Amino acid sequence: MHMPEPDNDVIERRDEICATLRTIIPADCVIDSIESMRAFDSDGLSAYRQLPLAVVLPETVDQIADVMKWCHQNGVKVVPRGAGTSLSGGALPLADAVLLGLGKFNKILDIDYDNRCVVAQPGVTNLAITNAVEDHGFYYAPDPSSQIACSVGGNVAENSGGVHCLKYGLTTNNLLGIEIVTIEGEILRLGGKHLDAGDYDLMGIMTGSEGLLGIVSEVTLRILQKPATRRALLVGFEDTTSAGKAVGDVIGAGIIPAGMEMMDGLAINAAEDFANAGYPRSAAALIIVELDGPEVEVDTLIDRVEVIMKNAGASSIKVSQSEEERTLFWAGRKSAFPAVGRISPDYMCMDGTIPRRRLPDMMIRMASLSQKYGLRVANVFHAGDGNLHPLILFDANEPGELERAENFGGDILRACVEMGGVLTGEHGVGIEKRDLMGIQFTEDDMKQQQRLKCAFDADHLLNPGKVFPHLHRCAELGRLHVHKGKMPHADLPRF
Amino acid sequence: MASSLASFTAHNLADVRDIISAAIADNTRLDVCATGTKKALGHAGDFDAVLDVTKMAGVIDYQPEELILTLRAGTPLADVETLLTNANQMLAFDPPDFGKLLGGGDAGTIGGVMVANLSGPRRLTVGAARDFMLGFEAVSGRGELFKSGGKVVKNVTGYDLSKLICGSFGTLAVVDEITLKTLPRPETSLSLLFPADDMAQATSMIADIFATPHEPGSAAILPHNIAKDARIDMNAPMIIVVRLEGIAVSVNDRAMHLLNANATGEKLDHGKSKKLWQKIRDVDLLAGMPADVWKISCPPSIAAGFLDKLRQQVAFDFYSDWAGGLIWLSGVSDKNFGGAVRSALGQDGFAMLMRDVGDSKAHVSPFQPLATSMFELHKRVKAAFDPKSVLNFGRMHDGI
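Listed in order, the protein sequences are those of chains A and B.
Each residue of the first sequence is one higher than the one before, starting from 1 at the first, in the numbering used here.
Each residue of the second sequence is one higher than the one before, starting from 1001 at the first, in the numbering used here.
Okay, structure coming up:
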């Protein structure tokens, strides 16, 4: 992975920069010793590590603004960091950039049941929002699997999803307002406790912008009343084609489950070894369908889904009869990643999305790629929305295996795009998929996105080297090549 | 649409590109327009020519089991709804038909609905138009073809430009192909009516209903006179309407629980409920009055205070949707009315002038004015897509 050439002038000014930062924010909020900075040298994509120029951990929004303003005026780059759980390298430090961590912003500011929202600082964890409101029967719907650790500010930056986003949407669909700090140090409020402000939807653009447009300094999240009941079905299939079709049949019947997950044979067995969840070991595919809502509704829909699964050729069906059993059904799925970690020294988690009907084709393609690269792959899918998480098993200590695994992963993502899908469903582009962006987007598509970046950060100081494979200067992007066009189909003026 | 300007018809994005390129070269300001049903929204603008996109119509791909619909922006909304209804699906954000309100005759095209980010009563619980746009292809005001998003329901690759296009009123790019997320149509629905003494009590009663697990889908508040016009006869100053949707056994069960908790409630059956919510969605309840109409979005808890404050200054009719968070106001076209609305609301929401029957727009901006730093950022975003201001210049704000 090639990162932009660090600016040696900035690196040489490191001591002076740190000294100045200590005059802008409290001295103990600036970390510059190598040992202390090690804790920040990577995020969830731990194959890549880099020490930052310095780490700053501001305590107030004004301090964020002051740091940003100074960095902007002095041409120093800034990499924002929430909890550092990104799986795509979004928070990977740069040698010539200040890493701005939001860990101290850990307070919930307002719980507003009348308007069904929570206002929180960006460093609050995703799960803490639900914990704060569950006494009143409410919860925050997006539930990325890292929810115990990941921060809500990071959720906004990555537009995080989760198992239940089939029914409840991603972060962007559950966000009412944000406060941001721009690279120039301006503090702006986008949205609020109301719905749909009538301006350009800059909050929508900030969501999923991977720290390239601004720093999220406050969030207002929509909370929902917890469903009265949750029940799940555990359904085994002898082949993945029938399983894939069954998923489509459920949605085709007008049922949107709260979650609909699929695992292949290797993942089923790894998970069963780990969690003893009662998974059918001989099945080629396992589907977990969860339904939530009023009890009579869930009971009715469970019956309907059971019939659909039988008709689709299920080899085994279990319906949860208690909350314990439902939790057990999920235990295997939720431990799929660590379970796979036990059967292989290393694994790499991919994250493409395909139109669901292409699932059988994708399974065939993955099997042949697995053979080509001589590496095993275990598959875990958010089947309801076609989001794949192939886990490529490899051993980093074997020379060449990491590279082979990366090439395997690249081929899977190429296949996703070729089948009408996209490079990333929820993990983000970061550095991991940066160089693959050209598979999905033309040069013009990417240039238009980067022009938007220029509207927020004309000097490319915020999180550079992420998301886009080529950095174009804003002046170059702004140039307009007008070829004298001719008005076609010019109708007569109408009076 | 009646216009004295030269009109250029685009059949596809290649045409759009040629027309925009020519407009850039000639400094021509284009009025991007399909059937013109939303012409009344925003500023009239000062244009040199019309870019007519009505011909860019038709469905490209519809996969009900994938919840995916790809179609062209000029497709009439009515055609989209027929197609989806036949497959037992819907556009869940409930796009309104402002034909009566705005005098455009019908609901116009899907492209018009999306770029104006128009959503109906279900918006409260399922999301806005912007939440259902998954991707698009367009030509920017630079005359360049580009795409964003994808044709799958879950995607975070690159900036989510669909969000920006929704609500941009054609000021950034001319969109052709749009991919939308569809959802199954609920099997049935009914509404519950509850009496309330005033707006404050009504919003607080709705908040209590939303604090139950009985999954209300939409919630409106109708003053007695408005309800009566809509043939809802309940003897109370304010009438709360709560819609429940889903499978019959669930809808009936939830209705029973909510009625048990509040014995003053009454049931409105599926047919009557459907008709009432259509009137609420399309603002039929105020459209017949010869008056200006304002749309106010605010946190539900401040709605009552806002209305009280405004009442001290001007007279108006109103009703509310989105649990109290959306207020439709009608009042005489008067130079002071808009100012009174905006000062009563303050910074906690936004107020948009939707219909001007007099010359109100000469006194007040139809869109809520932007603070300086937000305005500057909006201008830079506009310039990133349309540096020569050839597309719908000034429709939203002066200079944008």
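All C-beta atoms, glycine included, are put in the ideal place defined by N, C-alpha and C.
These numbers were taken from a predicted model, which means no experiment stands behind them.
Cross-chain neighbours of residue 1214 (chain B) in chain A, by beta carbon under 9 Å: As a position in the second sequence, residue 1214 (chain B) is number 214, starting the count at 1. Neighbours of residue 1214 (chain B) on chain A, chain order: 225, 228, 294.
Those runs of the beta strand (DSSP E) which lie wholly inside the region 1195–1276 of chain B and span at least 3 residues: 1218–1223, 1238–1246, 1266–1268
Simplified DSSP assignment, three categories, for residue 1373 (chain B): Position 373 of the second sequence, counted from the start, is the residue given in the question as residue 1373 (chain B). Helix, per DSSP.
Helix, strand or coil at residue 387 (chain A) [DSSP, three-state]: Here residue 387 (chain A) corresponds to residue number 387 of the first sequence, with the count starting at 1. Note: residue 387 (chain A) maps to strand in three-state DSSP.
Stretch pair the region 309–324 of chain A + the region 230–243 of chain A: three plus CB contacts closer than 8 Å: yes
Spatial neighbours of residue 362 (chain A) in its chain, beta-carbon cut-off 6 Å, leaving aside the 5 residues before and after: One-based indexing of the first sequence puts residue 362 (chain A) at position 362. Only 354 meet the Cβ criterion.
Contact check, residue 1032 (chain B) vs residue 1391 (chain B), beta carbons under 8 Å: Counting from 1 along the second sequence, the entry for residue 1032 (chain B) is found at position 32. Counting from 1 along the second sequence, the entry for residue 1391 (chain B) is found at position 391. Yes. Within cutoff.
Coarse secondary structure for residue 309 (chain A), derived from DSSP in three states: Mapped onto the first sequence, residue 309 (chain A) falls at position 309. Note: residue 309 (chain A) maps to helix in three-state DSSP.
Any non-hydrogen atom of the ligand ZN closer than 7 Å to residue 344 (chain A) Cβ: With respect to the ligand ZN, the structure shown offers nothing to examine, as it has no ligands at all.
Between the CA atoms of residue 1050 (chain B) and residue 1065 (chain B) - distance to the nearest angstrom: Taking the second sequence and counting its residues from 1, one reaches residue 1065 (chain B) at position 65. Taking the second sequence and counting its residues from 1, one reaches residue 1050 (chain B) at position 50. Roughly 39 Å separates the two Cα atoms.
Within chain B, partners of residue 290 (chain A) - CB distance below 7 Å: Residue 290 (chain A) sits at position 290 when you count from the first residue of the first sequence. What residue 290 (chain A) touches in chain B: nothing, since even the nearest Cβ is about 16 Å away.
Euclidean distance between Cα positions of residue 540 (chain A) and residue 1360 (chain B): Any property of residue 540 (chain A) remains undetermined from this structure, which presents chain A solely from 1 to 495.
DSSP state of residue 244 (chain A) mapped onto helix, strand, coil: Residue numbering aside, residue 244 (chain A) sits at position 244 when the first sequence is read from its first letter. It is helical.
Continuous beta strand (DSSP E) stretch holding residue 1136 (chain B): start and end: In the second sequence, the residue the question calls residue 1136 (chain B) occupies position 136. 1133–1140 is the span of the beta strand (DSSP E), which, as asked, contains residue 1136 (chain B).
Beta carbon proximity, residue 495 (chain A) to chain B, threshold 8 Å: For the purposes of this step, residue 495 (chain A) is identified with residue 495 of the first sequence, where counting begins at 1. Since pLDDT at residue 495 (chain A) reaches only 35, below the 50 mark, its modelled position is unreliable, and the value read off the structure follows with that caveat. With 8 Å as the cut-off, residue 495 (chain A) counts as an interface residue toward chain B.
Same chain, Cβ closer than 8 Å to residue 1259 (chain B), neighbours up to 5 away in sequence not counted: The count along the second sequence starts at 1 and reaches residue 1259 (chain B) at position 259. Answer for residue 1259 (chain B): 1192, 1265, 1267, listed in chain order.
Residues of the region 407–435 of chain A with Cβ closer than 7 Å to any Cβ of chain D, in chain order: The structure shown has no chain D; the protein chains it does contain are A and B.
Buried/exposed call for residue 196 (chain A), threshold 16 Cβ in 10 Å: Translated into the one-based positions of the first sequence, residue 196 (chain A) becomes position 196. Buried.
N- and C-terminal bounds of the beta strand (DSSP E) containing residue 1178 (chain B): Residue 1178 (chain B) sits at position 178 when you count from the first residue of the second sequence. From DSSP, the beta strand (DSSP E) with residue 1178 (chain B) extends over 1173–1181.
Beta-carbon spacing of residue 260 (chain A), residue 302 (chain A) below 8 Å: Start at 1 with the first residue of the first sequence, and residue 260 (chain A) comes out as number 260. Start at 1 with the first residue of the first sequence, and residue 302 (chain A) comes out as number 302. The answer is no: Cβ separation not under 8 Å.
Cβ pair count under 8 Å reaching 3, the region 1081–1100 of chain B against the region 1276–1293 of chain B: yes
Cut-off 8 Å between Cβ atoms - residues of its own chain near residue 421 (chain A), not counting five sequence neighbours on either side: What you label residue 421 (chain A) is simply residue 421 of the first sequence in a count that begins at 1. 352, 353, 354, 355, 358, 386, listed in sequence order.
Chain B contact residues for residue 441 (chain A), given Cβ-Cβ distances below 9 Å: By 1-based counting over the first sequence, the position of residue 441 (chain A) is 441. Simply 1146, 1147, 1148, 1157, 1158.
Beta-carbon proximity list for residue 22 (chain A), same chain, < 7 Å, skipping 5 on both sides: Here residue 22 (chain A) refers to the residue found at position 22 when the first sequence is read from its first residue. For residue 22 (chain A), where only same-chain residues beyond five positions count, the Cβ hits under 7 Å are 30.
Status (buried if at least 16 other CB within 10 Å, exposed otherwise) for residue 307 (chain A): Position 307 of the first sequence, counted from the start, is the residue given in the question as residue 307 (chain A). Classification for residue 307 (chain A): exposed.
Option nearest residue 324 (chain A) by Cα separation, candidates A:374, A:222, A:277, A:337: In the first sequence, counting from the first residue as 1, residue 324 (chain A) sits at position 324. The shortest Cα separation from residue 324 (chain A) among A:374, A:222, A:277, A:337 belongs to A:277.
Close beta carbons around residue 147 (chain A), own chain, < 6 Å, minus the five adjacent residues each side: The residue given as residue 147 (chain A) occupies position 147 in the first sequence. Result list for residue 147 (chain A): 126, 127, in chain order.
Run of the alpha helix (DSSP H) containing residue 218 (chain A), from where it starts to where it stops: Counted from its first residue, the first sequence places residue 218 (chain A) at position 218. From DSSP, residue 218 (chain A) is part of no alpha helix (DSSP H) but of the beta strand (DSSP E) over 215–222.
Within chain A, partners of residue 1298 (chain B) - CB distance below 7 Å: Locating residue 1298 (chain B) in the second sequence gives position 298, counting from the first residue. Here the neighbours are 194.
Inter-residue spacing [alpha-carbon to alpha-carbon] between residue 157 (chain A) and residue 1040 (chain B): Within the first sequence, the letter at position 157 stands for residue 157 (chain A). Within the second sequence, the letter at position 40 stands for residue 1040 (chain B). Each residue's alpha carbon lies about 36 Å from the other.
Between the CA atoms of residue 1179 (chain B) and residue 1019 (chain B) - distance to the nearest angstrom: The residue given as residue 1019 (chain B) occupies position 19 in the second sequence. The residue given as residue 1179 (chain B) occupies position 179 in the second sequence. Their Cα atoms are separated by approximately 24 Å.
Proximal residues to residue 365 (chain A) (C-beta, below 7 Å), its chain only, five neighbours per side dropped: Translated into positions along the first sequence, residue 365 (chain A) becomes position 365. Contacts found: 415.
Identity of the residue in A:135, A:138, A:58, A:119 nearest residue 99 (chain A) by Cα: As a working note, residue 99 (chain A) is residue 99 in the first sequence. The residue with the shortest Cα to Cα distance from residue 99 (chain A) is A:58.
Proximity winner among A:191, A:267, A:279, A:236, relative to residue 566 (chain A) (alpha-carbon distances): Nothing about residue 566 (chain A) can be read from this structure; chain A reaches only from 1 to 495.
Any chain A beta carbon closer than 8 Å to residue 1183 (chain B): Reading the second sequence from its first residue, position 183 is the one you call residue 1183 (chain B). True, the Cβ-Cβ gap to chain A drops below 8 Å.
Continuous beta strand (DSSP E) assignments of at least 3 residues falling wholly in the region 1022–1052 of chain B: 1030–1033, 1049–1052
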